[in-house]
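K.L.:
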Amino acid sequence: MGALLPWIADAFVVLGVAVITVGVYGMLRMPDTYTRLHAASKAVFLGVISLLAASVVTGEPEIVFRVILISLFLLLTSPVSAHVIGRAAYRRGERMLAPDPVDESGRGGWGASER
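Residues 71 to 185 (my numbering) make up the sequence shown, in order.
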């Protein structure tokens, strides 16, 4: 089992890098701010969890502790920053590029006149 652990850690690293790469591609290809935020925040969350799993598999306490701290920071700040950016875009009046956008906030935003 000991000889298999580096391979498992490598698989988690490759998975994490692949997820983050797909997120970057999504940010480049998505049409509006809201879908870009979705791609970015999901990629960070899933990629960081995979990299955290890789560090746990290695078993070195110093590395695991540092990666846990970094992961906690990213997992706490990524959704908050995505929410703040999305809210700022909404307040600025940036429209969602969807076939039938509906503003469900009830504040008379960009979708209120289209109901």
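Note that the Cβ used here is the ideal one computed from N, Cα and C, for glycine as well. Nothing here was measured: the structure is a model prediction, and the numbers come from that model.
Which stretch, first to last residue, makes up the alpha helix (DSSP H) that contains residue 124?
P.N.:
Within the sequence shown, the letter at position 54 stands for residue 124. Looking at the DSSP string, the run of the alpha helix (DSSP H) that includes residue 124 is 103 to 128.
K.L.:
Is residue 99 helix, strand or coil by DSSP?
P.N.:
Here the question's residue 99 lines up with position 29 in the sequence shown. Residue 99 falls in the helix class under three-state DSSP.
K.L.:
For the alpha helix (DSSP H) containing residue 168, name the first residue and the last one.
P.N.:
Residue numbering aside, residue 168 sits at position 98 when the sequence shown is read from its first letter. Unbroken run through residue 168: none, as it is neither H nor E.
K.L.:
Going by other Cβ atoms of all chains shown within 10 Å of its Cβ, with 16 needed for buried, is residue 106 buried or exposed?
P.N.:
Numbered from 1 along the sequence shown, position 36 holds the residue referred to as residue 106. Counting Cβ neighbours within 10 Å, residue 106 comes out buried, since at least 16 surround it.
K.L.:
Would the beta-carbon of residue 89 fall within 8 Å of that of residue 116?
P.N.:
In the sequence shown, residue 89 corresponds to position 19, counting from 1. In the sequence shown, residue 116 corresponds to position 46, counting from 1. Going by C-beta atoms, residue 89 is nearer than 8 Å to residue 116.
K.L.:
For residue 184, collect the residues of the same chain with a Cβ closer than 6 Å to its Cβ; drop the 5 residues on either side in sequence, then sort them by chain order.
P.N.:
Locating residue 184 in the sequence shown gives position 114, counting from the first residue. Confidence at residue 184 is low in this model, with a pLDDT of 47, below 50, so its placement is unreliable and the value that follows should be read with caution. No residues qualify anywhere along the chain.
K.L.:
Do you know whose CA, among 144, 99, 103 and 109, lies nearest residue 162's CA?
P.N.:
The count along the sequence shown starts at 1 and reaches residue 162 at position 92. The option with the nearest alpha carbon to residue 162 is 103.
K.L.:
Given a threshold of 16 other Cβ atoms within 10 Å of its Cβ, counted over all protein chains shown, does residue 86 qualify as buried or as exposed?
P.N.:
Numbered from its first residue, the sequence shown carries residue 86 at position 16. It is buried - the Cβ of residue 86 has at least 16 other Cβ atoms within 10 Å.
K.L.:
Determine the extent of the alpha helix (DSSP H) in which residue 142 is found, giving its start and end residues.
P.N.:
Position 72 of the sequence shown, counted from the start, is the residue given in the question as residue 142. Residue 142 -> alpha helix (DSSP H) spans 131 to 161.
K.L.:
For residue 135, is the classification buried or exposed, using 16 other Cβ atoms within 10 angstroms of its Cβ as the cut-off for buried?
P.N.:
Locating residue 135 in the sequence shown gives position 65, counting from the first residue. It is exposed - the Cβ of residue 135 has fewer than 16 other Cβ atoms within 10 Å.
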